[in-house]
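Enquirer:
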Amino acid sequence: MKTHLTHFTWIICLCICLFSCSSDDNNNDEPQQMEEDPVEASFTGNYLGTWNSVTPTITYTDFAISARFVESASNPNRINAEFFATPNYTSCCSTNANDGTMIINLDGDTITSFIFTDTIVDCEGNFSGDGMIDANGNFIIDFTGNDCDGDHVGQLLFIKQ
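Position 152 of the sequence shown, counted from 1, bears residue number 151 in numbering that gives the first Met the number 0, the numbering being contiguous throughout.
#1: One question on the structure: do ASN170 and ILE110 come within less than 9 Å of each other, judged by their Cβ atoms?
#2: To which residues of the same chain is ILE158 closer than 7 Å at the C-beta, ignoring the five residues directly before and after it?
#3: Secondary structure at GLU81, three-state DSSP: helix, strand or coil?
#4: Can you say whether GLY149 is buried or exposed, counting buried as having 16 or more other CB atoms within 10 angstroms of its CB?
#5: Going straight from the alpha carbon of ASN97 to that of SER90, what length do you get?
#6: Could you please give me the residues that DSSP links to VAL53 through a beta bridge?
#7: Tell me the rounded alpha-carbon separation between ALA134 and THR60.
#8: With a threshold of 16 other CB atoms inside 10 Å of the CB of VAL140, please say whether the residue is buried or exposed.
#9: Can the beta-carbon of GLY128 be found closer than 9 Å to that of PHE113?
#10: Along the chain, which unbroken stretches of the beta strand (DSSP E) at least 3 residues long are found entirely within the region 69-117?
#11: Take CYS93 and list the residues in its own chain whose beta-carbon comes closer than 8 Å to its own, dropping the five residues that flank it on each side.
#12: With a threshold of 6 Å on Cβ separation, who are the neighbours of PHE42 within its own chain once the five nearest residues in sequence on each side are excluded?
#13: Report the rounded CA-to-CA distance for ASP108 versus ILE57, giving the unit in angstroms.
#14: With a cut-off of 8 Å on the beta carbons, I'd call GLY130 and GLY144 a contact; round off their distance for me.
#15: Can you tell which of CYS122, LEU105 and PHE62 has the C-alpha that lies nearest to the C-alpha of ASN87?
#16: Short check: CB of GLY153 to CB of SER52, under 9 Å?
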């Protein structure tokens with residue numbers, strides 16, 4: 000009888016151990032992958048860039064510029080920006096805190112419209128264009144416009160810092 004009790008105790012212990020194991024292990028041989036929420040890129044930030052354009056009186060080649068982009072709170076497809084005709088986010092030649100303002104409208108990685116109002120003293124101007132955001136997140140804008148140098152045809156490049 001004592002042997003039957005020992006075997007019975009052993010069987011009960013075995014059953015408890017078996018039933019205490021979880022059956023929803025999802026096959027422990029395969030590593031578990033955590034789902035991650037996609038992180039959307041923010042365009043808000045400081046950008047360094049270059050201005051390239053041709054006018055009847057002057058050609059600008061890789062002229063260093065900078066800008067501060069801020070995504071619009073009311074329109075996620077719009078960027079409002081301060082423009083600086085320097086590479087250090089300070090005004091070169093304006094009585095304002097910047098050398099102009101820009102509005103950039105987006106549709107995915109396409110820049111559907113670009114408007115730049117230049118406030119440089121004695122060289123104010125207006126520019127417009129379109130462009131794209133490349134695979135590295137750089138803004139490439141083809142533009143035309145007019146200021147004290149005459150009619151510009153050119154391209155801007157902005158790289159987020």
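Built from N, CA and C at the ideal position, the CB exists for glycine as well.
Here the structure is a predicted model, which means the values were calculated and not measured.
Expert: Result, derived from the coordinates:
#1: Residue 170 is absent from the structure shown; the chain starts at 0 and stops at 160.
#2: Only TYR46, LEU47, GLY48 and ASN137 meet the Cβ criterion.
#3: Residue state, collapsed to three classes: strand.
#4: Around the CB of GLY149, fewer than 16 other CB atoms lie within 10 Å, so the residue is classed as exposed.
#5: Spanning the two alpha carbons is a distance of roughly 5 Å.
#6: Note: VAL53 sits in a beta bridge opposite THR58 and VAL152.
#7: C-alpha separation (whole angstroms): 24 Å.
#8: Note that residue 140 is Ile in the sequence shown, not Val. Flag for ILE140 reads buried.
#9: Yes, the pair counts as a contact, with Cβ atoms nearer than the cut-off.
#10: Whole beta strand (DSSP E) segments, 3+ residues: 77-83, 99-106 and 109-117.
#11: According to the sequence provided, residue 93 is Ser. The question's Cys does not apply to it. These residues qualify, in order along the chain: GLY99, THR118, ILE119 and VAL120.
#12: Answer for PHE42: PHE68, GLU70 and ILE78, listed in chain order.
#13: One C-alpha to the other measures close to 31 Å.
#14: With a Cβ gap of about 14 Å, GLY130 and GLY144 do not count as contacting.
#15: Ranked by Cα distance from ASN87, the options CYS122, LEU105 and PHE62 are led by PHE62.
#16: Remark: C-beta atoms of GLY153 and SER52 approach each other more closely than 9 Å.
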